Amino acid sequence: MEMSTSVRPDRLKFEIAIICALPLEAEPLHNAFNEIWATEPKEGDGNACSYVTGVIENHKVVLVLLPSTGIASASGTAASVRSSFPNIKWALVVGICGGVPYDSSTQELIRLGDIIISHVLVRYRFGKQYPDKFEEKAAAENSLERLPLEVRSMLANLKTRLFRQKMQQKIFEYLQSTRQTSAKEDYPGVEYDKLYEPAYLHKHHDIDPQITDDECMLGEKRICREALETTCEELGCEANRLVNNRLITNEQQPSVHFGGVGSGDTVMKSGKDRDDHSKARDLVAFEMEAAGVWDHFPTLLIRGVSDYADSHKNKRWQHYAAATAAACLKAFLGDLTNQDGLSDRSLVSIPMARNINFVGRDRILQDIHRAVTAHSFQGSDCIKYIVYGMGGIGKTQTILEYAYRYRKHFSSVFWVRANSYESAMESYITIAQKIERVDKSYAVDRSLEKKDFDRAVTLVVKEWWTARENCNWLSLFDGWDGLDDERIESLIPHGGSGVILITSRRQDWARAGESLDIPLMQEATSLLLLEKSSLTKYSKSNQKELDAAKEIVNMLGHLPLAIDQAGAHIHTLKIQAGKYLARLKENAETLDWKPPANVWVYGKTVLRSWELTFKELEISHSDVLKIFQVCAFLAGENISESLLRDGFNFGHMDPLARTVEDGMGILFSFSLAKREGAGDGFSIHPILQTCIRYRLCPLQRQRFLARAILVVAGAVSRLAPEREQAWFTYRQLLSHVNSCEGHLGDCSPPTIRVGSAKAPNLHEAKARFILGSFCDQLGQHDQAIRWFKRGLDPALDPSTLSTLECRDGLFTAMLNKGHLHEALAEFQTLYTEAVTQLGVRHVLTNKIANTLGISYKKIGSWDKALEWYGKSLTQVREMFGENDQRTLAALNNMAVIYKEQKEYAKAETVLRDVLRKKEEALGEENLSTLETVMNLGILHGRRGRYDEALHLLRRALCGKEKQLGKDNPKTLGVKGNIANQYLRSGKVEDAIKLHKETYDGYKRIHGPIHQDIFTTADRLGEDYFQKGMYPESLRWYYEALFGMTRLLGKGNAKTLETVANIAQVFQVQGQFYQAIIRYKWALDLFRGRYGFEHPWARSVESQVRALLLLWHQRSRAMQSR
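Quick look at the structure:
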């Protein structure tokens, strides 16, 4: 540690606070600093805190010692830290704690000197004291979700055995290196690690009856002061009351445990209370400060166990426990540095943590960097560099290491998963949100279909890449093997000052630009990788093991993926390399499966090595192998434990659901799966997925694919009720849907069985219906149609209701695809069957009636639409009552038709009735009520009642501003409608002003690309048209047309209406030819999609006819001259 008090860095640059409560905790923390800059007493800041600032493992940190212990002191100090260091993002509370002797969730013993890292903090003993009892409030909890992404990602890694053992080794090595600096921090010895029975108190037991003033005599739970200050040895605590089933060894390496930590205002010194609280709240430790910190900062706790939170606690272990906590902090921040300290705010989007097992290839990394930096950026085109090679050779890990190692050489770094279009779009959404060009309100906008959203996101990301001010960026396109997929090609920016680094198995990529063929590793590098993954050193001191290790890496063809997995196998089973080698050779005789030659280019020994692990799982962890086999049919990325649990519960595969959490730990330890990002996400290499699929016989493949479909459907069904789920989550699930569908062709016959009873077939039919509805919701109408047709397989569920539901879904997908007339005919037939088989009052029958109303509305048949909406209204009114929201929604649908028919009086009567009922049931300021207020205001505007319209619209605006804020899209929508009324009433200047405010507001919220923006631009075109400023009108109309074409497509009704508006501008200027070709273009496209009888089509047709007649008349007049 170096002391440099002259350095006084900007306090705004500190993002991490370390808080401790005792001087004995602060002392080892001081020693953990690589450099101390200053100690700062904060006089004049209104507090008495002192800070130590400096660096621990390349992180700028501020260390704070509390003036006293307890929650109140911690809270006051944390508030002071926030005021003095305003950019602190998260805090670590480090020191000692009382530990629970046994972690029930992991079945592990917790020893004195071990380390606790919190995954949740719980406030305990929090409530009210009454004369006769203490009433505890519901426990307040603080989870880790507020912590920075890179911290959560590392914590997820540390919950795996491999990463945890590596951290424990680092802690032990650091403790060994600091032993000479402080004898107080030495390991006290296993003989002093004593745990007594919970009910056995630390008190005087054999007391002379004549002594009456000893508090130990005053009650069974009373302990005198002298006993509290005496050690167990001095007091004579009985050895026969020790818990003797704890296999405490002489090993001095402390273990790291994760769990809930209780934080309260009193010291826990009761074995019985400790056990009661720990069982009730799943706790592994107790302390006194964290609850005061978490209100001010996202908080992580690292504590060394100094006692067992019982009456036998003493100070013997405190210094050592404080030292282990400080060592863990140093190791933790060191590993966080290995992730390059990337914060949520930086322009870096890499979904994977840095690979701590990466070895060698320094020359390759240097060659890549030399190649991509040898060219100067011209701005006309970005630099492309291709890294290619066989799967499993380490392409991804090489460019991942490059991204972290050379990150500071670039202004921004973005990772794109290019193995499929869906995966690439997931990455683009993340990038768009990172560059703050697509916000959350955009990401949950259901008015955009999937393809429209894709187009918008692609546009904003490519615009950012090619913008002049954004230069020297690095974008990594990983796994681009599908060269024939033009959709992925469309994502590549052609221009901009940056570098695109591409990985692929395809050698023909070499023709596309500068490239590098990744070679196999040399023997020395392969051996080093085996050492890292097995946590074993192979040296000449054990020549036999060294020779065995060398033979292993040679047999595995120096393939990194295979070597990493072999090392994990050796480490997990605690076997020697020689024994693994012998098993590998034995397995050669029994291997009876192999993937087809067109997908397998590796030696047979690689299969043997994986088969060893598969067999180990089959024998020792059969349910874990089943989980892995299900995952083989999912997309290799964006799998999560919660997805699997939801899916297994949905499919009534309860044993697998219960196995997920522990089972994933086993897969991680064997290196069959890798943690990905924060939370419980993980990925599986596609080569491993291929192997596990082809290890199954055809019938088994059918069964496990069926389970995979159930898993995805279960996850979708959990998301469906949550209406504000982000597009990113939906797209992740869509990638799994696509993967399952892609494997259906390999698993014929199409009827797949999970079990022998009827129930699983019902689940399969329901799963296919769910996936069809999900795809339709995302605009994947063709895919939805395929899933609904699969759900109609009578072998799955021949019941009437299931069949009708699937047909309803199928025809809805057809309707949404634009096959209006075909869908309409099918729905009419379906309604007749539903009435016959289910009855007119059934919910599905009512839904079909409502959809028929929608269908007729889409083709412009208002009377028919009104007829079917009326049938739906009659049914819901009978089923749910007059004031039910479904009844009011049906009434609202009818009012919309009345408005389109210009039957304004009827529409007003209905809307006023709906408004009255909503005000009574929901209140005047409810958002649903305000929506009806707005609709009624718009209707008044249509009738020319502008004062009444503005009164209602202003009421809606005031209510929405109050509840949603001024910059919410729904609030701005009301403002736009007020501007529309200004225009209708002739207040053109007011309309322009308010429309511009709305336009600017939408841009602030959504960025430059959103349908709301272009709809408002279209309104501004109309404003300037009414004002007679035709060039300005065309400017706004063309902006609207450009955006709507990009977002919605050229055949969308809104796009075609804008085309007609442009035609109208040309018409009034006498440019009839320009007007006619635009009218004709819009009319032809509209007829093709919506039919000839639609009112808008008929209106435009009459305009074209009148315009043609006028043009011919003028032409004849000019010829006659």
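Heads up, the sequence shown is in the UniProt record's numbering, so the first residue is 1 and it goes up one at a time.
We put the beta carbon where it would ideally sit given N, CA and C, even for glycine.
A quick note: this is a predicted structure, and the numbers were derived from the prediction, not measured.
- Comparing C-alpha distances from T800 to each of L830, L778, N816 shows the shortest one belongs to L830.
- T231: not part of any beta strand (DSSP E); DSSP gives it neither H nor E.
- Residue pairing by DSSP places A91 opposite A17, T299 in a beta bridge.
- In the structure shown, N472 falls within a strand segment according to DSSP collapsed to helix, strand and coil.
- With the rule of 3 Cβ pairs closer than 8 Å, the region 73-90 counts as touching the region 283-300.
- In this chain, the alpha helix (DSSP H) harbouring Y856 covers 843-858.
- Comparing C-alpha distances from A285 to each of M879, S104, L329 shows the shortest one belongs to S104.
- Judged by DSSP in its simplified three-state form, V413 adopts strand.
- Residue pairing from DSSP places V61 in a beta bridge opposite I16, G54.
- Per DSSP, F85 has no beta bridge partner at all.
- Where V100 is concerned, there is no enclosing beta strand (DSSP E), because DSSP gives it neither an H nor an E.
- Here I639 is bridged, per DSSP, to F682.
- Rounded to the nearest whole angstrom, the C-alpha separation of S83 and L953 is 43 Å.
- Where L546 is concerned, there is no enclosing beta strand (DSSP E), although the alpha helix (DSSP H) around it starts and stops at 543-555.
- Within 10 angstroms of the beta-carbon of K159 lie 16 or more other beta-carbons, which makes it buried.
- In this structure, DSSP gives S255 a state outside helix and strand, which the three-state scheme calls coil.
- Counting every other CB atom within 10 Å of its CB across the protein chains shown gives W317 a total of 16 or more, marking it as buried.
- Listed in chain order, the beta strand (DSSP E) runs fully inside the region 503-538 are 514-517, counting runs of at least 3 residues.
- Taking the Cα positions, K194 is about 56 Å away from A424.
- Burial check for P698: the Cβ neighbour count within 10 Å stays below 16, so the residue is exposed.
- When C-alpha distances from L873 are compared across I859, I848, I492, K858, the shortest belongs to I848.
- If you compare the alpha carbons of E661, G665, M664, F650 with that of A708, the shortest gap goes to F650.
- Looking at L474, F648, E401, E925, the one whose alpha-carbon comes closest to that of R361 is E401.
- Within the same chain, Cβ atoms closer than 7 Å to the Cβ of H743 are found at F633, L705, the five residues on either side in sequence being excluded.
- Under DSSP, I116 shares a beta bridge with H257, R303.
- Membership of L242 in any alpha helix (DSSP H) is not indicated, and neither H nor E is assigned to it by DSSP.
- In the three-state reduction of the DSSP assignment, R316 falls in the coil class, being assigned neither a helical nor a strand state.
- A straight-line Cα-Cα distance of about 10 Å links E1057 and G1051.
- Boundaries around V284 are those of the beta strand (DSSP E), 283-287, since no alpha helix (DSSP H) includes it.
- Counting only the Cα atoms, A456 lies some 25 Å from G965.
- When secondary structure is reduced to three states using DSSP, F358 falls in the coil class, being assigned neither helix nor strand.
- Taking every protein chain shown into account, the CB of S490 has fewer than 16 other CB atoms within 10 angstroms, so this residue is exposed.
- Measuring C-alpha to C-alpha distances from Q1026 to each of V716, I992, F414, E908 identifies I992 as the nearest.
- If you check the CB distance, E57 and N34 come in under 8 Å.
- Around the Cβ of V712, a 10 Å sphere holds 16 or more other Cβ atoms; the residue is buried.
- In the same chain as L625, and ignoring 5 residues on each side of it, the C-beta atoms closer than 6 Å to its own belong to L617, E618, in chain order.
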